[in-house]
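Residues 56 to 209 (this note's numbering) are what the sequence shown spells out, left to right. Virtual Cβ for every residue (Gly too), placed ideally from N, Cα, C. Taking it in order: structure first as structure tokens, then the write-up.
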Amino acid sequence: MTTINKKKLVYIAAPLFNEIEWNRNTEIKTFVESLGFEVHLPQDKAGRFSDLSKKSDNIKLLRESVFNNDLKGVKTCDIILCLLDGRVPDEGTCVELGMAYVLGKICVGYKTDIRAMGKDGFDNIMITESIKDNMAGTLDELKTILLKFKEDKK
Numbered sequence: 056m057t058t059i060n061k062k063k064l065v066y067i068a069a070p071l072f073n074e075i076e077w078n079r080n081t082e083i084k085t086f087v088e089s090l091g092f093e094v095h096l097p098q099d100k101a102g103r104f105s106d107l108s109k110k111s112d113n114i115k116l117l118r119e120s121v122f123n124n125d126l127k128g129v130k131t132c133d134i135i136l137c138l139l140d141g142r143v144p145d146e147g148t149c150v151e152l153g154m155a156y157v158l159g160k161i162c163v164g165y166k167t168d169i170r171a172m173g174k175d176g177f178d179n180i181m182i183t184e185s186i187k188d189n190m191a192g193t194l195d196e197l198k199t200i201l202l203k204f205k206e207d208k209k
């Protein structure tokens with residue numbers, strides 16, 4: 056009997072509101088794919104919300120569509136990779152992390168920014184406890200974390 060190993064699906068949760076974020080997300084997607092994962096990057100499906108909203112006659116419907124597509128991505132992924140750079144992590148990324156955690160997904164964080172929200176030097180407890188030991192600060196650390204989840208242990 057032949058067993059086909061399906062690639063694990065990584066959902067990248069990240070801000071995508073400017074050129075720098077857009078490009079960084081694409082770089083991370085390419086990096087994760089190079090490790091042998093399938094990647095769902097919402098900006099690839101939806102495009103730029105600012106561009107879409109200029110063309111839409113129904114912003115409410117557009118917002119619902121983006122939300123539902125992102126929700127479907129979180130539900131169907133094996134791993135969520137949250138890009139958490141910035142003084143404060145992106146609100147949408149945090150919501151997606153919370154949903155993934157509740158759904159029992161593997162939660163991974165990537166943060167190269169040394170700034171943290173709390174005066175104690177840590178990010179919000181809800182973020183750090185969802186990610187636990189799966190927080191990377193470099194691409195090498197991210198590679199190590201992701202590869203430990205690459206193969207099913209069943």
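Handout entry: Which of helix, strand or coil DSSP assigns to Leu-90
Key = Against the sequence shown, residue 90 aligns to sequence position 35. In this structure, Leu-90 counts as coil in the three-state DSSP scheme.
Handout entry: Three or more C-beta pairs below 8 Å linking the stretch 140–160 and the stretch 80–87
Key = no
Exercise for the section: Could you tell me how far apart the beta carbons of Lys-166 and Gly-147 are, in whole angstroms, since I believe they sit closer than 8 Å? Expected result: The residue labelled residue 166 in the question sits at position 111 within the sequence shown. The residue labelled residue 147 in the question sits at position 92 within the sequence shown. The pair is not a contact, with the Cβ atoms about 16 Å apart (cut-off 8 Å).
Practice task
Look up Val-163 in the DSSP assignment and give the residues it is bridged to.
Solution key: Looking up residue 163 in the sequence shown gives position 108. Beta-bridge pairing links Val-163 to Leu-136.
Problem - CA nearest to the CA of Val-94, picked from Glu-76, Asp-195, Thr-131 and Asp-140 - result: For the purposes of this step, residue 94 is taken as the residue at position 39 of the sequence shown. Residue Thr-131 is the option with its Cα nearest to Val-94.
Practice task
Could you round the C-beta distance between Leu-90 and Lys-198 to whole angstroms and report it? I think they count as a contact, below 8 Å.
Solution key: Position 35 of the sequence shown, counted from the first residue, corresponds to residue 90. Position 143 of the sequence shown, counted from the first residue, corresponds to residue 198. Contact flag correct, Cβ pair sits at about 6 Å.
Handout entry: Residue burial classification, Ala-68 (beta-carbon count within 10 angstroms, cutoff 16)
Key = As a first step, residue 68 is located in the sequence shown; it is residue number 13 there, counting from the start. By the 10 Å Cβ count, Ala-68 comes out buried.
Exercise for the section: Compute the distance between the beta-carbons of Lys-63 and Ile-134, then report whether it is under 8 Å. Expected result: In the sequence shown, the residue the question calls residue 63 occupies position 8. In the sequence shown, the residue the question calls residue 134 occupies position 79. Taking 8 Å as the Cβ cut-off, Lys-63 and Ile-134 qualify as a contacting pair.
Practice task
Apply the 10 Å Cβ neighbour rule to Ile-180 and answer buried if 16 or more other Cβ atoms are within range, or exposed otherwise.
Solution key: Your numbering for residue 180 matches position 125 in the sequence shown. By the 10 Å Cβ count, Ile-180 comes out exposed.
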